[in-house]
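Going line by line, the protein sequences match chains F and D.
Position 167, counted from 1, in the first sequence is what the UniProt record's numbering calls 167; the numbers after and before it change by one each time, with no gaps.
Position 128, counted from 1, in the second sequence is what the UniProt record's numbering calls 128; the numbers after and before it change by one each time, with no gaps.
Positions of the beta carbon are idealized from the N, C-alpha and C atoms, including for glycine.
Every value quoted in this text rests on a predicted model; they were computed, and no experiment measured them.
Report on the structure given below.
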Amino acid sequence: MVTLTLDRLSAHYGRQPILSEVTTPGFEGGQIVALLGPNAAGKSTLFRRILGLLKGGGEVRISGAVTDRPMAYMPQDTGANAVLTVYESVLLARMQGRALKVQDDDLCEVDRALAELGIASLGERDIGDLSGGQRQLVGAAQALVQNPEILLLDEPTSALDLHRQIQLLSILRRLARERQMLVIAALHDLGHALRFTDQAMVLQKGRLVACGPTVEVVTPELLHRVYQVTARIEPCSKGRPQLIVEEAV
Amino acid sequence: MSTGTSAPNPERLATADDSPAGRGFYRALVVRRQLILAALTLTLFLSLCADLALGPARFGLGEVIAALLAPEAVSQQVRVILWEIRMPVALMALVVGASLSVAGAQMQTILSNPLASPFTLGISAGASFGAALALAFGVVIVPAAIDYVIPINAFIMAMLTAFAIHALSLKRGVTIETIVLLGIAMVFIFNALMALIQFFASQQAVSAVVFWTMGSLTKATWPKLWIALGVLAAALPLLARHGWALTAMRLGDAKAESLGVKPRALRLEVLVLVSLLAAIAVAFVGTIGFIGLVGPHIARLLLGEDQRFFLPGSALCGALILSIGSVLSKILIPGTIIPIGIITSLVGIPFFLFLVLNHKKASW
């Protein structure tokens, strides 16, 4: 099973430190991990540093991976408007680093990723014609089609309606379990984090201020300290922890 | 308790189906694009034949094809006119059209900008300045045979422009905005320098400069053609090798990076490669601006932006536009060959606007 460990990971933009010595225990495949933190806490930077897109100190250790390229990354959507159909754009993500010859197997994987996310009907549409939410689902399909062992998602639900947020996170949790895939998702909705994720790491100003099982990490004290809100966490009628935010301080 | 209807799977976002409809759609799309490429190639061949057939001495299509297939079978006069006089010009139209269009296509791709073309980055302006130096003041940057002095001047200035943009953007960070701004700065600098040359040059020299900037295929010769063709033939496989990465670039730098592309390195490499293509083309035939902008747009409308189709499609569209332009330049005013740059703009732009305005989807 794949395990990802971050060891004193740092990054700078110019002289400005963006990440300072982020160290985590090993996150194992089959789990879904929430990456939390307010705006500009360094969440996207941490993803880029993990992927090696950004240089810096420390080490990213991956053990137990069976493929050469175990990670796939879904960045935040920048609204690019290429004249490509959804099908082509997902196939493009599938074909990386390989010859241009498309195999039947690749097409099957594209069909599977689109079906998995329920967007097979969008296959013939140009990506420039999609809504923000649809584009986000296509982005998720582009990451999933790579059959990653570690899936990094930068705010995958930010443009989705509530219904689709719940469903996408359910799908990700199921896929994490089924494929023994490690999913790390930057989330702003702590209620979703409580409900769908196993572990959480919280960044504030580039430092890791908490890391561990989500129900232990997301506490009223942390919410006050990191997000400057007063909040309570109470079990709902089904016994799940539920976040109730009272006010900003 | 069963309600008699199957409960929807809560973990499917919409009606997901596992049927191979997507595969079928994709395969049909590929076949359609291959057919479009084949149709463009056939049209290009017909246009080439028409270009060869037309001129002060007109030939039938059959005669042209016979002369192409078996040059010995036709009279020496026909053979000389077709092979020695018209063929280099007609083929130069194809090679220059393809070069400018491919250069424009890849500039638009790497800069994510629908207005990018060899003109936008000052490459054509640099070439014009180099040519004007030779035409107005006899400045020869590299001594060469008289026939090559102007093209060499133009080529060197065009490449210097490209390298200046390259070097300055390395200093400032290879962002799209930096490259486009530097390109626009180059255009303005060379426009001012051109005005200065025209201010000081003789009336006769000014006429020569103006004629050169209009673009003309009539200066084409076999050796020039081989040089332009050689550069195009070298550049196309290099660009095709980056086909997947270039397509991924159109998803935005962040997404391309997430797929393993190095956008900045690729942008610089392709910038140099397409500058070379554009510089050679402009050096030999003068400024023909419309092709580099519009050839790629037409290819994009017809074929999308998957480089496996977009790259050859851009080359074919550019070649076709210039070849048809060459035909029109001979027949619009009988007995006069209108400079090709004027034709491509005057006839091509309305056609392009018609295509864009009538297309159901936005192409950018």
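Distance CB(residue i)-CB(residue j) smaller than 8 Å
i                      : j                      : result
residue 4 of chain F   : residue 150 of chain F : yes
residue 147 of chain D : residue 93 of chain D  : no
residue 153 of chain F : residue 113 of chain F : no
residue 118 of chain D : residue 103 of chain D : yes
residue 248 of chain D : residue 256 of chain D : yes
residue 223 of chain F : residue 229 of chain F : yes
residue 94 of chain F  : residue 134 of chain F : no
residue 156 of chain D : residue 183 of chain D : no
residue 143 of chain F : residue 72 of chain F  : yes
residue 19 of chain F  : residue 212 of chain F : no
residue 36 of chain D  : residue 302 of chain D : yes
residue 136 of chain F : residue 160 of chain F : yes
residue 36 of chain F  : residue 190 of chain F : yes
residue 85 of chain F  : residue 132 of chain F : no
residue 110 of chain F : residue 130 of chain F : no
residue 296 of chain D : residue 108 of chain D : yes
residue 298 of chain D : residue 355 of chain D : yes
residue 41 of chain F  : residue 200 of chain F : no
residue 271 of chain D : residue 239 of chain D : no
residue 186 of chain D : residue 341 of chain D : no
DSSP state of residue i mapped onto helix, strand, coil
i                      : result
residue 230 of chain D : helix
residue 148 of chain F : coil
residue 317 of chain D : helix
residue 36 of chain F  : strand
residue 19 of chain F  : strand
residue 72 of chain F  : strand
residue 181 of chain F : coil
residue 214 of chain D : helix
residue 12 of chain F  : strand
residue 73 of chain D  : helix
residue 173 of chain D : coil
residue 129 of chain F : helix
residue 88 of chain D  : helix
residue 242 of chain F : strand
residue 153 of chain F : strand
residue 278 of chain D : helix
residue 109 of chain D : helix
residue 45 of chain D  : helix
Within-8 Å CB hit, residue i to chain F
i                      : result
residue 260 of chain D : yes
residue 219 of chain D : no
residue 305 of chain D : yes
residue 352 of chain D : no
residue 235 of chain D : no
residue 10 of chain D  : With a pLDDT of 48 at residue 10 of chain D, under the threshold of 50, the predicted position of this residue should be treated as unreliable, and no value is reported.
residue 345 of chain D : no
residue 22 of chain D  : yes
residue 26 of chain D  : yes
residue 300 of chain D : yes
In DSSP terms, what residue i is bridged to
i                      : result
residue 59 of chain F  : F/7
residue 27 of chain F  : F/4
residue 229 of chain F : F/248
residue 207 of chain F : F/204
residue 212 of chain F : F/200
residue 234 of chain F : F/242
residue 85 of chain F  : F/126
residue 186 of chain F : F/35, F/154
Short CB-CB distance (under 8 Å) between residue i and chain D
i                      : result
residue 45 of chain F  : no
residue 206 of chain F : no
residue 181 of chain F : no
residue 217 of chain F : no
residue 89 of chain F  : yes
residue 78 of chain F  : yes
residue 226 of chain F : no
residue 145 of chain F : no
Burial state of residue i (16 or more Cβ within 10 Å)
i                      : result
residue 43 of chain F  : buried
residue 6 of chain F   : buried
residue 219 of chain F : exposed
residue 222 of chain D : exposed
residue 235 of chain F : exposed
residue 164 of chain F : buried
residue 31 of chain D  : exposed
residue 233 of chain D : exposed
residue 73 of chain D  : exposed
residue 77 of chain F  : buried
Near the ligand ATP: residue i beta-carbon under 7 Å from a heavy atom
i                      : result
residue 103 of chain D : You won't find the ligand ATP in this model; it holds no ligand whatsoever.
According to a CB-to-CB cut-off of less than 7 Å, which residues of the stretch 241-269 of chain D neighbour chain C? Included in the structure are the protein chains F and D, with no chain C among them.
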